[in-house]
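Engineer: Quick one: the structure is below, questions incoming.
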Amino acid sequence: MQTRLTAGDAELTIDPDNGCRIAGLRIGGTELLRQGERYGSFPMAPWCGRVANGEFRDGADKHQLPLNAPPHAIHGTVRDGAWRRAEADERTAAFTYDLVAPWPYAGRVTQTFELAEDTLTLRMGVETAGESFPAQAGWHPWFNRVLDGPDGPSAPVRIDFTAGWQEERGDDHLPTGRRIDPSPSSQLRSSRGYPIPGLWDDCFGMPGGVDVTLTWPERFEVKITSRDEWVVIYDEQEAAVCVEPQSGPPNGLNTHPRLVTLIDPLEITATIAWRRL
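Residues 1 to 277 in the UniProt record's numbering are what the sequence shown spells out, letter by letter.
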C-alpha cells in the first residue's frame, strides 16, 4: 500500500512494496520524476552502482553477488524487496528493510522521508545485526528531461555543477582508479526543440558535498545536495536524467570500503529543494 505525504502543493508518493522507492514527486500538479515500475527514485544499498563481476572481499572472505547487470552486480538489493512502514504522518514517514540473501550479512536499512513545501529531505541508515561488513548507500532519482504539467511541456532540463574531480570511467563502466579533471560542468542537450540523450554515466567527486542544480527554463529549478562527496550523473536516456548522491564511488565495496559496525552505522542524508522560475 502506497504512502502519500503532502505539504502545501507538494505531494510525495512512496511505494514500500516496490523497494520503498518514491513513485512520484508532484509540485503544483507537475510530476518531476519519470513514471514506471523501474523509475521514480529508488534507494541504493548495501552498495551503489556496479560491483565488478559481482565480487567483493571482506578481509579474507570473498563474496559473489547476482549479476543483475552482466557482467556486474548493480545498485544493491533493497530496491527489489518490500519494506515495512515504521511510522507516518502527513509530512514524514519511516520504513525499514532487513538485509537478506543474496547479501551475505545480517543487518537493517532504515529510510526516512520529510516533506516540506519546498524541500524533500531523505535519510538512510545501514546497521549490522552483529558482524561488521562493508557497505554503501544512496539514491537513484529519475528526473523527467521534459516536464509536463498545467502549462504544457517545458524545455529540456539543464544540469549544472562544479566537481573537484571525475572518476575516470573504463570501457566496462567502472572507475579505473584514476581521478581526472571533470568534463564540462553544465550543458543543455536538445535538437530542434526535442531532447536527445547525452553521454554521461560518470561519478564525480565534490569535496564540499554534493551540490547539483537541475533547471527547466521558465519552470523549475531543483537543487540536489548531500554532505557526502560522490554523485553519479546519468543522462544517456531520452526520457530522463539521474543525479545520484551516494556514500562512495561505483565498485566502492572493493576500492573504497566503508565498514558498518555495531557502534558505527552508515548514515547518509540528501535534500531535494525546488523553486518556481
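Each residue gets a CB set at the ideal place from its N, CA and C atoms; glycine is no exception.
Since the model is a prediction, treat every value here as computed from it, not as a measurement.
Beta strand (DSSP E) containing residue 298: first to last residue?
Structural biologist: For residue 298 there is no data in the structure shown, the boundaries of the chain being 1 and 277.
Engineer: Looking only at its chain, what residues have a beta carbon closer than 7 Å to the beta carbon of V157, apart from the 5 residues adjacent to it on each side?
Structural biologist: F143, R145, L214, T215, W216, V241
Engineer: Taking only the alpha-carbon atoms, compute the straight-line gap between G24 and G81 and give it to the nearest angstrom.
Structural biologist: 18 Å
Engineer: Counting along the chain, where does the alpha helix (DSSP H) carrying T255 start and finish?
Structural biologist: 252–255
Engineer: Is it buried or exposed, L259, if we count other Cβ atoms within 10 angstroms and call 16 or more buried?
Structural biologist: exposed
Engineer: Is it buried or exposed for E218, if we count other Cβ within 10 angstroms and need 16 for buried?
Structural biologist: It is exposed - the Cβ of E218 has fewer than 16 other Cβ atoms within 10 Å.
Engineer: Across which residues does DSSP place G76 in a beta bridge pair?
Structural biologist: A45
Engineer: Could you give the distance in angstroms between the alpha-carbon of T225 and the alpha-carbon of A60?
Structural biologist: 36 Å
Engineer: I need the DSSP call for G54, collapsed to helix, strand or coil.
Structural biologist: Correct three-state label for G54: helix.
Engineer: To the nearest angstrom, report how far apart I268 and E11 are at their CA atoms.
Structural biologist: Each residue's Cα considered, the two are about 23 Å apart.
Engineer: For the putative contact between W165 and I180, defined by C-beta atoms under 8 Å, what is the C-beta separation to the nearest angstrom?
Structural biologist: 7 Å
Engineer: Which first and last residues belong to the beta strand (DSSP E) in which G125 is found?
Structural biologist: 119–128
Engineer: Comparing C-alpha positions only, which one of W230, A137, S41, I159 sits nearest to L266?
Structural biologist: Check the Cα spacing between L266 and each of W230, A137, S41, I159: the tightest is with A137.
Engineer: Taking 7 Å as the cut-off, is the CB of R145 close to at least one heavy atom of the ligand NAP?
Structural biologist: With respect to small molecules bound, the structure shown includes none, and the ligand NAP cannot be examined in it.
Engineer: Chain C beta carbons: is any one of them nearer than 8 Å to that of G59?
Structural biologist: Of the protein chains in this structure there is only one, and it is not chain C.
Engineer: Given this structure, state the Cα-to-Cα distance separating E177 from W47, to the nearest angstrom.
Structural biologist: The amino acid at residue 177 is misidentified as Glu; the sequence shows Gly. G177 and W47: Cα-Cα distance of roughly 18 Å.
Engineer: How far does the beta strand (DSSP E) with I263 in it extend, from its first residue to its last?
Structural biologist: Counting along the chain, I263 falls outside any beta strand (DSSP E), and DSSP gives it neither H nor E.
Engineer: Bridge partners for A270 per DSSP, in chain order?
Structural biologist: In DSSP, A270 forms a bridge with L122, S226.
Engineer: Buried or exposed for M1, going by 16 or more other Cβ atoms inside 10 Å?
Structural biologist: It is exposed - the Cβ of M1 has fewer than 16 other Cβ atoms within 10 Å.
Engineer: With T3 and A86 assumed to form a contact (beta carbons below 8 Å), what rounded beta-carbon distance in angstroms separates them?
Structural biologist: At roughly 11 Å, the Cβ-Cβ gap does not stay under 8 Å, so T3 and A86 are not in contact.
Engineer: Any chance the segment 44–58 sits against the segment 245–262, with 3 or more Cβ pairs inside 8 Å?
Structural biologist: Flag = yes, the segment 44–58 and the segment 245–262 touch.
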